[in-house]
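Residue numbers (full-length UniProt numbering), protein chains in the order written: chain A, 1 to 494; chain B, 1 to 267.
Here the structure comes first, spelled out in C-alpha cells, and everything after it is commentary.
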C-alpha cells in the first residue's frame, strides 16, 4: 500500500500540464485487486462490479494515469505491455520516472491474469474512443479480440462482452461496420460453444445492429430466428441482462415492423420502451417513434400523453403532427406533414413506413364518414377523401368495398344508385367483447404479480442474522453505482 | 487471357444469339453450362477473392445472371426467376462498390418487386424496399412497383389495372397479366361482402370482363355460391356477429375460478 501512496504522491509535481486526477490511479488499482480476487474466487459478480466502477472513472481517465496503471499491472517489456503502451499518446520524459517506480520494486504480479490483461485492453480501448482516436481504437480492439479468442474462462465473459461492444462501436463510428460482420459471427459461434451467455446476447445484438445498419432485415430476421434466445433472463434484475434485452426487443420490433407483423412489433417496441432505464432518453425516444408508427399502422391512435413525455416533446413533434393527420383522416394534411418533416423521417429511416400510412389515413377518413352519415353518395365520399385520380368515383367504390371486406367499416354499397349505406352500429355491450377485454386485463395484472414474485431474490442466511450496518452500506453503494452506470452507459450508447 | 474466361464469353455469345432468336431450349441448355463454368471463378460470390481480372469476371457473371432472370420471365417460370434473382443479388449489393452500375439493375429489381406483389408476399416486398436508396425509389421502374403496391393496399384497383398501360419495360407485361388476375379475385372477394346484389352488366364492368359469357364462366368456376336471377347476381350474406344471447357459462366459471386461485396465492 505504501507503494501506491508513493506513486500517487510522485505524480502531481512531475506533471504541470497533464497532471492526472490523483484519485484515478488508486481507484484503478482497487479495481485491479477486485478483478484479481474475482478471478481467483471465480466470482463473476466481482468482475461485473469492477466494470461498473470503471464506468464511473471513465471521464477522468488520462493517458498518464493509464500508462502508470499498465506498468503496475503488466510486466513491462512484455508483448502486451508494449503493444498497449504504443496506443497511448506519447508522453514526455516525466513518465519515465513513474515507470521506474514499479519496475524498480518487484512487480506485484509476475504473470498477469488473463482477466487483468483483458481489462487493460478494455481500459485503453475506452480511453481511445473517448479521445476520438478511432483508428487506434480499431487496431486496439482488433488485437484484443484476437487475444480473447484464445481465452476460455467464465470470469472473462463480462469483460469480453464489453470489449465486443466497444469493438463494434469504434467500427460503427468510422462507418466500417460491414467489415467486422464475419468476425462477429465467428465470435458469436465461439460464445455459443463456450456457453458464454452474456457474450451471446451482446454479440447477437451487435450483429442485429450491424445488419439493420444496412437495412438487411432479411438476414437479421434469419439470424434472429435461428440464434439461441435469451428471453429467459427477462425477469432477472441484473442490469447486464436487462440492457441487452431491451436492445434486442427494439431490434426485434423494427424487424417485425418491416415485415408487417404489427401486433408483435408493437408489443416488442412498447416493452423495450418500458424496460429501458429512465436515463436512456435517446433510446426511449427511438422506441417511442417506432411504436407510434406501428400503432398508427394498426389503426390505433396513441394517447396524447405519449407525446408529452418528459424530454421527448420536441423529438416527437413530427410524429405528433403525423398522428393528428391520421386521426382526422385528412389526406391533404397528411401529405403536407410528410413533406414538411421529410428530412426528419428519412434520418429516422421511417420514410417507407410513412408511405404505408397513407392507406390508414384513407381508412380513418372513411370510418369517420361512415359514422356520421347513414347514407352518402360515392361522389361525396371521393370528395371528402380528396382522392385525386382520373376516376374518383370508381376508386371510391373499390376502396369502400375493400374497407367493408377488411371489416374497417360496417356498410353496404348500392351500385345502381351509387351510394353507400352504413349499417347501424351494434351495441357492443350485447356481445362478449367487454368480458374478453376485462379478462385479458385481469390476466395481465396477475401475470405481472407472479413475475414480480419470481424475480425476488433472497440472500442466503438472511433469516438467521440481520444485515450488518456495513453490509447494508456496501449494498446501497452498489445500487448507487448501478444507477450511475446506467446513466453513463446510456449517455453515449444511444 | 485465361482460357476459362474465353470459354465463358464464347458460350455467352452463343447464348445471347439464341436469346435474341427466342430459342428457349438452346438458351436453357447453354445457361446451365454457363452456370457450371462460373463456379470455377474464385472472384465471384461468395468468395470474392481479389484476382487479377476480378472486375471483368464479376461483370460477365452479372451480365449472365441478368440475362438468366429476363429469360425466366420470358419463359414464364417464376421459380427460376426467384433462383436466378437470388444469385444475381450479391452482385448488386456486395459488389456494388467495385463494379460500375448496371443499366439493367433497376428494371430487374422492379421486376422482382412486382413478382413479390403478384405472389402476395407483401412482407418480403417491404424488406426488399428497405434496401433501396432514395435515388433508387425515384427510378421509374421501382416507382411503378411501389405505386402499384399502394393502390393495391388501398383498394384502388382501377389504378392498378390502368398501370398496365404504363409499364416501363416490355418484360413487365407478364407479371402485369398475372396481377390482373389477382386483382379480379380481390374485387370478387370485396364485392361479395360489399353488395347485396348487382346487375350482371354492372358486375361485368366491375369485374372487368368483356362479355357476359366470360363473367358467367368465372362465377361458375370461382364463386358457385353466388346466385344469378333475373339479370342480377345475388350475393349470399352470411349473418355474422349476432349479439350474444347466451352467457358462456362454462368459460366464465373457469375464469372466475382461476382468479380466485390467483388471489388466494397473493393474500
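Here a beta-carbon is modelled for each residue, glycine too, at the ideal position from N, C-alpha and C.
Check                                                                                                                                                                                     : Outcome
How many angstroms separate the CA atom of residue 314 (chain A) from the CA atom of residue 197 (chain A)?                                                                               : 38 Å
Would a C-beta distance cut-off of 7 Å place residue 258 (chain A) and residue 127 (chain B) closer than the cut-off?                                                                     : yes
Give me the subset of the region 426-444 of chain A whose CB atoms are less than 8 Å from a CB atom of chain B, sorted by chain position.                                                 : 426, 427, 430, 431, 432, 435, 439 and 442
Can a CB atom of chain D be found closer than 7 Å to the CB of residue 215 (chain A)?                                                                                                     : In the displayed structure, chain D is absent; the protein chains listed are A and B.
Can we say the region 265-281 of chain A touches the region 323-330 of chain A, given the rule of at least three CB pairs closer than 8 Å?                                                : no
Is residue 292 (chain A) helix, strand or coil by DSSP?                                                                                                                                   : helix
Would you kindly work out how many angstroms separate the C-alpha atoms of residue 20 (chain A) and residue 68 (chain A), rounded to a whole number?                                      : With a pLDDT of 47 at residue 20 (chain A), under the threshold of 50, the modelled position of that residue is not reliable, and the figure given next carries that caveat. Each residue's alpha carbon lies about 10 Å from the other.
Tell me the start and end of each unbroken alpha helix (DSSP H) in the region 254-280 of chain A that is at least 4 residues and wholly inside, in chain order.                           : 262-275
On the DSSP bridge assignment, give the partners of residue 197 (chain B) in chain order.                                                                                                 : B:234
Rounded to whole angstroms, what's the CA-CA distance from residue 365 (chain A) to residue 156 (chain B)? Just pull it up for me.                                                        : 15 Å
Could you give the first and the last residue of the continuous alpha helix (DSSP H) run that contains residue 412 (chain A)?                                                             : That residue, residue 412 (chain A), is in no alpha helix (DSSP H); its beta strand (DSSP E) goes 411-414.
Is residue 376 (chain A) helix, strand or coil when you go by DSSP?                                                                                                                       : strand
Can you tell me whether residue 228 (chain A) is buried or exposed? The criterion is at least 16 other CB atoms within 10 Å of its CB, across all chains shown.                           : exposed
Is it the case that the CB of residue 294 (chain A) approaches a heavy atom of the ligand GTP more closely than 6 Å?                                                                      : Ligands are entirely absent from the displayed structure, and the ligand GTP is therefore not among its contents.
Out of B:177, B:109, B:179 and B:260, which one is the CA nearest neighbour of residue 136 (chain B)?                                                                                     : B:109
What's the C-alpha gap between residue 209 (chain B) and residue 72 (chain B)?                                                                                                            : 29 Å
Mapping DSSP to helix, strand and coil, what is residue 228 (chain B)?                                                                                                                    : strand
Using a Cβ cut-off of 7 Å (strictly closer), state whether residue 482 (chain A) contacts chain B.                                                                                        : no
Got a sec: is the Cβ-Cβ distance from residue 200 (chain B) to anything in chain A below 7 Å?                                                                                             : no
At which residues does the alpha helix (DSSP H) containing residue 210 (chain B) begin and terminate?                                                                                     : Note, residue 210 (chain B): premise wrong, no alpha helix (DSSP H); not H, not E.
Do you know how far the Cα of residue 437 (chain A) is from the Cα of residue 481 (chain A)?                                                                                              : 42 Å
Rank A:374, A:321 and A:44 by C-alpha distance to the C-alpha of residue 307 (chain A) and give the top, closest one.                                                                     : A:321
What's the call for residue 144 (chain A), buried or exposed, on a 16-neighbour Cβ count within 10 Å?                                                                                     : buried
Taking 6 Å as the limit between beta carbons, can you name the residues of its chain near residue 50 (chain A), skipping five residues before and five after?                             : 31, 34 and 35
For my contact list, residue 296 (chain A) and residue 386 (chain A) are in at a C-beta cut-off of 8 Å; report their separation, rounded to the angstrom.                                 : Their Cβ separation, rounded to whole angstroms, is 19 Å, which puts residue 296 (chain A) and residue 386 (chain A) out of contact at 8 Å.
On a CA-only basis, which of B:218, B:257, B:199 and B:46 is nearest residue 184 (chain B)? Give me that one, please.                                                                     : B:218
At a Cβ cut of 9 Å, what residues of the region 155-166 of chain B count as close to chain A, listed as they run along the chain?                                                         : 155, 156, 157, 158, 159 and 162
Please state if the CB of residue 48 (chain A) and the CB of residue 158 (chain A) are separated by a distance shorter than 7 Å.                                                          : yes
Please confirm whether residue 130 (chain B) and residue 446 (chain A) have their CB atoms less than 7 Å apart.                                                                           : no
Apply the 10 Å Cβ neighbour rule to residue 40 (chain A) and answer buried if 16 or more other Cβ atoms are within range, or exposed otherwise.                                           : exposed
Note down the Cα distance separating residue 270 (chain B) from residue 75 (chain B), rounded to an integer number of angstroms.                                                          : The requested residue 270 (chain B) does not occur in the structure, where chain B is confined to residues 1 to 267.
Could you check if residue 160 (chain B) is buried or exposed, using at least 16 other CB atoms within 10 Å of its CB as the buried criterion?                                            : buried
Is the CB-CB distance between residue 123 (chain A) and residue 164 (chain A) below 7 Å?                                                                                                  : no
What is the C-beta distance between residue 62 (chain B) and residue 32 (chain B), in whole angstroms, given that I count them as a contact (C-beta under 8 Å)?                           : In fact, because the Cβ distance is near 18 Å, the residues do not count as touching under 8 Å.
Can you give me the C-alpha to C-alpha distance between residue 360 (chain A) and residue 353 (chain A), rounded to a whole angstrom?                                                     : 11 Å
Within the same chain, show all residues whose beta-carbon is closer than 6 Å to that of residue 246 (chain A), passing over the 5 residues directly before and after it, in chain order. : 272, 275 and 276
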